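**Q** I have a structure here, written as structure tokens, and I will follow up with some questions on it.
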């Protein structure tokens, strides 16, 4: 199984195969609108703006598994991200990122690159960098600011 075999759900409940992103460099992030790390959305958007024409895409997956820091209504999430942070990269339906109900994408990511001490995703804004072949290259902790990964990202592009 590769990342391109996984399907995710759009915010309007359509199934989307990640194979649509084959050949792109991806940064997959579990987001939350009411988290202390939420200002990272600005830097995620900056990375997307800088590198999207070179085949880079940020994929945001809202989750409220950590202290319920996401809106219940996905439209509120989208409005918040767009209005407050100018987010134009793809944001998908809310998912679980850990535990029994974890979405297959996040099980795959966590199994591919362990975090510090554990493979479990410990908090919002854990970031996974995926190369053009769908390999998980690097996992970044929530506190890693997106602009700090520019060099690794440029090497992949």
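Numbering (the numbering used here), first residue to last: 55 to 211.
The beta-carbon is built from N, C-alpha and C at its ideal position, and this holds for glycine as well.
Source: prediction; values computed, not measured.
1. How would you call residue 137, buried or exposed, if buried means at least 16 neighbouring beta carbons within 10 angstroms?
2. Which residues in the same chain have their Cβ closer than 7 Å to the Cβ of residue 191, if we skip the five residues on either side of it in sequence?
3. Rank 71, 157, 142 by C-alpha distance to the C-alpha of residue 99 and give the top, closest one.
4. So is residue 67 buried or exposed if we call it buried at 16+ other beta carbons inside 10 Å?
5. Between residue 148 and the rest of its own chain, which residues show a CB-CB distance below 7 Å, the 5 nearest in sequence each way excluded?
6. Taking the CB atoms as reference points, tell me whether residue 95 and residue 85 lie closer together than 8 Å.
7. If you scan the stretch 145-192 from start to end, which runs of the beta strand (DSSP E) of 3 or more residues do you find wholly inside it?
8. Taking all protein chains shown into account, decide if residue 71 is buried (16 or more other Cβ within 10 angstroms of its Cβ) or exposed.
9. Going by Cα to Cα distance, which pick from 163, 196, 176, 152 is closest to residue 56?
10. So, for residue 64: in the same chain, excluding its five sequence neighbours on each side, which residues have a beta-carbon less than 7 Å away from its beta-carbon?
**A** The answer reads as follows:
1. The Cβ neighbour count for residue 137, taken over all protein chains shown within 10 Å, is under 16; the residue is labelled exposed.
2. Same-chain partners within the cutoff: 183, 184, 185, 210.
3. Among 71, 157, 142, the Cα nearest to that of residue 99 is on 142.
4. Exposed: under 16 other Cβ atoms inside 10 Å.
5. So the list reads 116, 117, 118, 124, 128, once near-sequence residues are dropped.
6. In this structure, residue 85 lies closer than 8 Å to residue 95 by Cβ.
7. Within the stretch 145-192, the complete beta strand (DSSP E) runs of at least 3 residues are 181-184.
8. Around the C-beta of residue 71, fewer than 16 other C-beta atoms lie within 10 Å, and the residue is accordingly described as exposed.
9. Of 163, 196, 176, 152, the residue nearest in Cα terms is 163.
10. The beta carbon of residue 64 sits closer than 7 Å to the beta carbons of 70, 146, 147 from its chain, once the five residues preceding and following it are set aside; these are given in chain order.
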